[in-house]
Structure formats: C-alpha cells, structure tokens
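**Student:** Pasting in a structure now, in structure tokens, and then I'll have a few things to ask.
Residue numbers (our numbering): 16 to 214.
In structure tokens form, the structure reads like this:
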C-alpha cells in the first residue's frame with residue numbers, strides 16, 4: 016500500500032476510509048519538520064491508532080536518510096500495537112511500540128469508554144481503579160534527548176491530561192521541539208459524550 020508520500024508500506028491492510036492516505040497536508044507538514052530536526056531527534060506518537068502517521072513518517076525519514084530519528088509510539092489498544100509492530104518489522108522501521116495509556120497519572124489504570132467506530136476501533140479511555148490498561152505520564156519517560164522532540168498527540172479527549180503529565184518534559188524541551196495536539200470543537204465534544212466546553 017502507498018503512503019501519502021508515494022512510498023510502499025508492506026503489510027498494510029487498506030481500511031474502509033483509507034487511513035493510510037488520510038490527512039495528506041498534515042503528514043506533509045510533519046514530514047518537513049522531521050527532515051529539519053537536528054540529529055538524533057525523537058518523534059512521539061501519542062494515541063497512534065493503527066500507526067498511519069508514525070509508520071508513514073518513519074518510512075519517509077528512512078527513505079530520506081534520517082535513520083537517526085527515534086520513533087516512540089504509545090497506544091492503549093493491544094490489537095493496534097501488534098499491528099504497528101508487525102508492519103514496522105516488515106518494513107525495518109525503527110519504531111518502539113508501547114501498549115499503554117498516556118495521561119496525567121503514572122501507575123494508574125484506564126478502561127475503554129464507548130466504541131465510536133467499531134470498524135476502525137476508535138474509542139476514548141477513562142481512569143478506573145479496576146482498569147485493564149496501565150497509565151503513565153510523559154514526564155516519566157527516560158529519554159536520552161529531550162532537546163529535539165516532535166510530539167503528535169491525538170488521544171480522543173485526553174489531550175489536556177497528556178499535557179499536564181508532560182509539564183517537566185515540555186519545560187525542558189529545546190526551542191526546536193514541537194507539540195502537535197488535536198483540539199475538538201464544542202460540537203465534536205458533545206457528539207463524543209464529553210463536555211460542551213472541552214479543555
């Protein structure tokens with residue numbers, strides 16, 4: 016299957032709404048940021064879904080001689096994590112996958128909340144004492160390089176939690192670091208079962 020950059024990503028199964036080809040302008044924007052990163056930069060994909068962003072961008076970086084960039088993927092859905100790992104292995108991409116929920120509590124737990132799209136597996140998570148998915152904060156990551164980071168955060172309503180749990184990381188990021196964060200409108204928030212004034 017072809018990515019938005021025209022590269023063949025082996026092992027990808029086309030989804031009904033063609034996940035791999037979605038958000039072309041956004042992926043092209045992130046690709047430009049990647050190629051301009053200093054050596055040994057880190058790309059964080061928080062809420063990776065099926066990996067359409069991180070897999071496409073890792074392949075793009077590889078094709079452009081940027082094997083130095085480290086890709087760290089965080090996704091609470093174990094099926095999606097297996098999918099990303101398999102494709103990364105088939106394409107020899109330097110992606111490290113973490114099956115965990117990123118928020119503002121370390122050592123906590125979360126459970127899936129709703130199932131907005133059973134076909135693609137889109138859902139949100141809520142904190143729960145009897146949850147099955149572990150939670151961490153980005154501040155807890157042992158990163159070798161905090162100077163040059165691109166963080167892509169798309170976590171279906173947990174964006175503010177992720178940012179609160181990354182206060183130290185954000186404070187110590189280099190001036191070239193970039194946060195890309197999904198932001199809902201009040202209408203989207205209500206439609207997905209949350210407040211009419213998303214944080």
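Ideal Cβ placement from N, Cα and C applies to all residues, glycine included. A quick note: this is a predicted structure, and the numbers were derived from the prediction, not measured.
Classify residue 99 as helix, strand or coil using the three-state DSSP reduction.
**Tutor:** helix
**Student:** Whether or not the segment 48–55 and the segment 22–35 are in contact is what I'm after, with contact meaning three or more pairs of Cβ atoms, one per stretch, closer than 8 Å; do they touch?
**Tutor:** no
**Student:** Based on the DSSP output, what are the partners of residue 60 in its beta bridges?
**Tutor:** 88, 167
**Student:** What is the DSSP secondary structure of residue 149, reduced to helix, strand or coil?
**Tutor:** strand
**Student:** Could you please give me the residues that DSSP links to residue 22 through a beta bridge?
**Tutor:** Its beta-bridge partners do not exist; DSSP assigns none.
**Student:** For the segment 172–184 against the segment 113–130, are there 3 or more C-beta pairs whose distance is under 8 Å?
**Tutor:** yes
**Student:** If you measure between the beta carbons of residue 30 and residue 74, is that distance less than 9 Å?
**Tutor:** no
**Student:** Rounded to a whole number of angstroms, what is the C-alpha to C-alpha distance between residue 152 and residue 121?
**Tutor:** Cα to Cα, the separation comes out at about 5 Å.
**Student:** Tell me where the beta strand (DSSP E) around residue 42 begins and ends.
**Tutor:** Per DSSP, residue 42 belongs to no beta strand (DSSP E); it is in the alpha helix (DSSP H), 39–50.
**Student:** Compare the C-alpha of residue 27 against each of 42, 169, 184, 95 and name the closest.
**Tutor:** Minimum Cα distance to residue 27 is reached at 95.
**Student:** Check for me: the beta strand (DSSP E) holding residue 194 runs from which residue to which?
**Tutor:** 193–196
**Student:** Return the chain-ordered list of same chain residues with a C-beta closer than 7 Å to the C-beta of residue 158, the five sequence neighbours on each side being excluded.
**Tutor:** Closer than 7 Å at the Cβ level, and outside the excluded window around residue 158, lie 57.
**Student:** Using DSSP with H/G/I as helix, E/B as strand and the rest coil, what is residue 187?
**Tutor:** coil
**Student:** Kindly give me the distance between the Cβ atoms of residue 91 and residue 148, rounded to whole angstroms, as I take these residues to be in contact under 8 Å.
**Tutor:** 5 Å between Cβ atoms; contact.
**Student:** Do residue 62 and residue 168 have their beta-carbon atoms positioned less than 9 Å apart in this structure?
**Tutor:** yes
**Student:** Give the single residue among 24, 25, 68 whose Cα lies nearest to the Cα of residue 39.
**Tutor:** 68
**Student:** Tell me, which residues are paired with residue 140 by DSSP?
**Tutor:** 127
**Student:** Could you tell me the distance, in whole angstroms, from the CA atom of residue 72 to the CA atom of residue 172?
**Tutor:** 24 Å
**Student:** Just the Cα atoms here: how many angstroms apart are residue 89 and residue 126?
**Tutor:** Within the model, the alpha-carbon separation for residue 89 versus residue 126 is close to 15 Å.
**Student:** DSSP state of residue 54, grouped into three classes?
**Tutor:** coil
**Student:** Count the other CB atoms within 10 Å of the CB of residue 24; is the residue buried (16 or more) or exposed (fewer)?
**Tutor:** buried
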